[in-house]
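Participant:
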Amino acid sequence: MSAQRGGTWLRAYAIGFLAFLYGPVVLLPVFAFNDAAIIAFPLTGFTTKWFGQLWDNPVLHQSVRNSLYVGFTAATLSTVLGICAARASARYDFPGKKGIIGFIMLPLVLPEIIIAVALLVVLIQLGLELSLWTVILGHVLICTPFAIAILTSAFHNLDRSLEEASLDLGETRWGTFRRVTLPLVTPGVISSLLISFTISLDEFIIAFFLTGTEPTMPVYIWSQLRFTAKLPSVVALGCVLLLLSLTLLFAAEYFRRRSNRRTGSEGAATGGMM
Amino acid sequence: MTETATGGAGARPIIEVDRVEKHYGPVKALAGVTTQIRSGEFFSLLGPSGCGKTTLLRMIAGFDEPTHGTIVIDGRPMAGVPANHRPTNMVFQSYAIFPHLNVAENVSYGLVRQRLSKHEMQRRVDEALSMVDLAGYGERASHALSGGQRQRVALARALVMRPKVLLLDEPLSALDKKLREQMQVELRHLQRHVGITFILVTHDQEEALTMSDRIAVMFEGRIAQLASPQELYRRPVSRQVASFIGVMNFLDARLTDGQGDRLALEVAALGRVEVPRAQAPGGARAGQVSVGIRPEMLTILFHDGERAEREVEGEVVDASYFGDMTYYDVLLPGAGRPATISMRNTAGRRILTEGMKARVGWSPESIVVLE
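First to last, the sequence lines map onto chains A and B.
Counting with the numbering used here, you get residues 46 to 319 for the letters of the first sequence.
Counting with the numbering used here, you get residues 138 to 508 for the letters of the second sequence.
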């Protein structure tokens, strides 16, 4: 009896929690299709004009291009760095290894605003001009820990004797990397690229501090919030972004699981992103 | 595989290991190993875990370099030669089957670099697969294989390279008992058939005894004894070797005369005995020694009419029934511990129980004198 009542409470709590978590997100598409300039209930009618406005906005397009450029570059750089670090941490033992890896992973928990301000100060001191490349620099810093976390699990799951077997069968080190190591960690690499890209795409604080005259998309969205008339189209944009982010994350998770399956650690729930 | 199919143990050493040491910091994994492995023989490295047997195998394969000493394979010094340039191939303990490749791709992995024609490659792969009884399995995905099949693929993948030496790192330890015993026989047949030198690393003495031409027993980074299975079982050089290979009863003894061809001993429970010097393979000095006798070399005399060369009366303290065999623990007067005696349960033979008296027969030629 009491167990059942406990179950009821637990269920109510779980539903309340999920509503709090996802309710606002669900409102996004609702208002994106609402035919009113003011974001409020009651709904007045169905429209797609806000999406049309997005389509006709060249400044927005430029900011999307900036974001994609930053995202691709940051994802590629942090994944390459991640491969090196993950391989080293999975294969070699060297003095201070734990400390070094710990320091690399630190940006994961460091407040972004601290990183942003610190980077800004350093860049100005160095006399560097703010541009998309300074944003990329900041994003690589925060994406690399994620890349390392994903790739380390991929490399750790890789049985070392597979590489030895390849060498033993006459293959060179580079050939071994190409024919055995890389195919087995490829899903992890793709997963790392997707996650890094997603993080960079909607990152605001660092981009806001380090961007020069070319805003990334989140910075552009922020700048539009000051104009009430623009609000519905920003909501529509948010909708598009939400869909894109979810797609990317699901794809990343799919590849991460496949990576675990490939390297033969099925069922071993190794800390994923989802 | 036919060009090397000479079979038997040739006299020419294929591998010469000379004073090889391997240090990991202050720890000596190998503390000076010198041995020669003959071409075409089935050679086993046997010892408990941590004795250095795997370290030695990995240095022959080229995954590790010796700290001191040299390894020569087929007349060529191996210092600085990486694994991919050595005439050896290995079957890994985990089998290390490439999970993203199917069976045929796994087997042909090493051939790809040899730029063979498509036809020749296919022929070699098929030959290797049928050699391990996996003909027709080429298209199977590697994750769809059983443990025994994975092991066969690992064997085929190594043998298809036609190595001078095949290295096997505990290849049977992951298989269940029945499959393991079957594979022991098959491996032995395979080795005879291809005539390649096999080096097996194992901690299972039974496995080593049934498969090998010669066995090197290793303890703490050294070879304690290198001998044929029979020699090793019958004439172990030390108590350590004797207790690692099979079961051995140890009895305290005093060597009264160690001068001539024959050794005179006073053995607890068994009494005075004289044996040829050959029965002390580890050497013997006058004084306190140990004498070993195998459980099957002691016989319980069930009938009054049965006679043995030497006899002694004891009392059964325990009996373990194994179906075909019964293992008795018999306390002999004057011995500190009960001796284990194994008796085949032939037709009409009784099973003795605790507390019963037993006449135990033995022969001086079946004892071995140990330090």
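Beta carbons: idealized from backbone N, C-alpha and C, even for Gly.
Can you name, in chain order, every residue of its own chain whose Cβ lies under 6 Å from the Cβ of leucine 122 of chain A, other than the five neighbours on each side?
Facilitator: Here the set comprises Val185.
Participant: Under 9 Å, CB to CB, which of the residues in the stretch 208–226 of chain A have a partner in chain B?
Facilitator: From the stretch 208–226 of chain A, only Glu208, Glu209, Ala210, Ser211, Leu212, Asp213, Leu214, Gly215, Glu216, Thr217, Arg218, Gly220, Thr221, Arg224 and Val225 have a Cβ closer than 9 Å to chain B.
Participant: So valine 338 of chain B and leucine 305 of chain B are supposed to be a Cβ contact under 8 Å. How far apart are they, rounded?
Facilitator: Right, the Cβ-Cβ distance comes to about 7 Å (below 8 Å), so this counts as a contact.
Participant: Inspect the beta-carbon positions of alanine 233 of chain B and arginine 359 of chain B and report whether they are closer than 7 Å.
Facilitator: Cβ atoms of alanine 233 of chain B and arginine 359 of chain B: not closer than 7 Å.
Participant: Quick check on the burial criterion: 16 or more other C-beta atoms within 10 angstroms. Buried or exposed for aspartate 455 of chain B?
Facilitator: Exposed: under 16 other Cβ atoms inside 10 Å.
Participant: Going along chain B, which residues have a C-beta under 8 Å from aspartate 204 of chain A?
Facilitator: Residues of chain B passing the Cβ test: Ser231 and Ala233.
Participant: Give the secondary structure of leucine 73 of chain A by DSSP, where H, G and I count as helix, E and B as strand, and everything else as coil.
Facilitator: In the structure shown, leucine 73 of chain A sits in a helix (DSSP, three-state: H, G or I).
Participant: Pull up the distance between the alpha-carbon of tryptophan 267 of chain A and that of lysine 275 of chain A, whole angstroms please.
Facilitator: Distance between the alpha carbons of tryptophan 267 of chain A and lysine 275 of chain A: 11 Å.
Participant: Exposed or buried, which one is phenylalanine 62 of chain A when buried takes at least 16 other CB atoms within 10 Å?
Facilitator: Exposed, since its Cβ has fewer than 16 Cβ neighbours within 10 Å.
Participant: Can a CB atom of chain A be found closer than 7 Å to the CB of phenylalanine 510 of chain B?
Facilitator: Limits of chain B in this structure are 138 at one end and 508 at the other, which puts residue 510 of chain B out of reach.
Participant: Pick helix, strand or coil for alanine 59 of chain A, following the three-state DSSP scheme.
Facilitator: Helix.
Participant: Run through chain A and tell me which residues come within less than 8 Å of alanine 220 of chain B, C-beta to C-beta.
Facilitator: Those are Glu209, Leu212 and Asp213, listed as they occur along chain A.
Participant: If you drop the 5 nearest sequence neighbours on each side, which residues of the same chain put their C-beta closer than 8 Å to that of arginine 325 of chain B?
Facilitator: Answer for arginine 325 of chain B: Phe179, Thr347 and Met348, listed in chain order.
Participant: Note down, in chain order, each residue of its chain lying with its Cβ closer than 7 Å to the Cβ of arginine 278 of chain B, except the 5 sequence neighbours on either side.
Facilitator: At residue 278 of chain B the sequence reads alanine, which differs from the arginine that was named. Same-chain partners within the cutoff: Asn239.
Participant: Among residues of its own chain, excluding the 5 on either side of asparagine 243 of chain B, which ones have a beta-carbon nearer than 7 Å to its beta-carbon?
Facilitator: Correct list, in chain order: Ile234, Phe235, Ser279, Val290 and Arg294.
Participant: Give the DSSP-derived three-state secondary structure of glycine 408 of chain B in the structure shown.
Facilitator: The answer is strand: DSSP assigns glycine 408 of chain B an E or B state.
Participant: Is the beta carbon of methionine 493 of chain B closer than 7 Å to that of serine 479 of chain B?
Facilitator: Going by C-beta atoms, serine 479 of chain B is not nearer than 7 Å to methionine 493 of chain B.
Participant: Mind listing the chain A neighbours of methionine 385 of chain B? Cutoff is C-beta to C-beta under 7 Å, in chain order.
Facilitator: Here the premise fails: no neighbours, minimum Cβ distance about 36 Å.
Participant: Report the three-state DSSP secondary structure of glutamate 508 of chain B (helix, strand or coil).
Facilitator: It is coil, neither helix nor strand.
Participant: What residues of chain A sit near methionine 268 of chain B, judged by a beta carbon separation below 8 Å?
Facilitator: Simply none; closest approach about 17 Å.
Participant: Taking beta-carbon pairs under 8 Å, can you tell me which members of the stretch 477–498 of chain B lie near chain A?
Facilitator: Listed in sequence order: no entries.
Participant: Would you grab the beta carbon distance between alanine 241 of chain B and glutamate 264 of chain B for me? Rounded to a whole angstrom, and I think it's under 8 Å.
Facilitator: Incorrect: roughly 12 Å between the Cβ atoms, too far for contact.
Participant: Consider the Cβ of tyrosine 246 of chain B: report whether some Cβ of chain A lies at a distance smaller than 7 Å.
Facilitator: Answer yes: the Cβ-Cβ gap between tyrosine 246 of chain B and chain A drops below 7 Å somewhere.
Participant: Tell me the DSSP secondary structure of alanine 484 of chain B in three-state form.
Facilitator: Of the three classes helix, strand and coil, the one that applies to alanine 484 of chain B here is coil, per DSSP.
Participant: Nearest CA to the CA of valine 280 of chain A: which residue from A/Thr89, A/Thr93 and A/Ala57?
Facilitator: The option with the nearest alpha carbon to valine 280 of chain A is A/Thr93.
Participant: With a 10 Å radius around its C-beta and 16 neighbouring C-beta atoms as the bar for buried, classify arginine 252 of chain B as buried or exposed.
Facilitator: Result: exposed.
Participant: By the DSSP assignment, the beta strand (DSSP E) with alanine 456 of chain B in it spans what residues?
Facilitator: It spans 447–458 - the beta strand (DSSP E) in which alanine 456 of chain B sits, taken as one unbroken run.
Participant: By the criterion of Cβ-Cβ separation under 8 Å, what are the contact partners of methionine 298 of chain B in chain A?
Facilitator: Chain A residues near methionine 298 of chain B: Leu214 and Gly215.
Participant: Pairing CB atoms from the stretch 390–397 of chain B with CB atoms from the stretch 199–209 of chain B, are three or more of them under 8 Å?
Facilitator: These segments do not touch.
Participant: Any C-beta of chain A sitting closer than 7 Å to the C-beta of methionine 215 of chain B?
Facilitator: No, its Cβ sits nowhere closer than 7 Å to a Cβ of chain A.
Participant: Looking at the structure shown, is lysine 94 of chain A part of a helix, part of a strand, or coil, going by DSSP?
Facilitator: It is helical.
Participant: Taking C-beta to C-beta, are threonine 226 of chain A and leucine 293 of chain A nearer than 7 Å?
Facilitator: Cβ atoms of threonine 226 of chain A and leucine 293 of chain A: not closer than 7 Å.
Participant: Interface residues of chain A around phenylalanine 200 of chain B at Cβ under 7 Å?
Facilitator: By Cβ distance, chain A contributes Glu209.
Participant: Leucine 238 of chain A and isoleucine 128 of chain A look like a contact to me (Cβ under 8 Å); what is the Cβ gap, rounded to whole Å?
Facilitator: That pair is no contact at about 11 Å.
Participant: Short of 8 Å in beta carbon distance, which residues of its chain neighbour valine 70 of chain A, apart from the five on each side in sequence? Order them along the chain.
Facilitator: Correct list, in chain order: Leu287.
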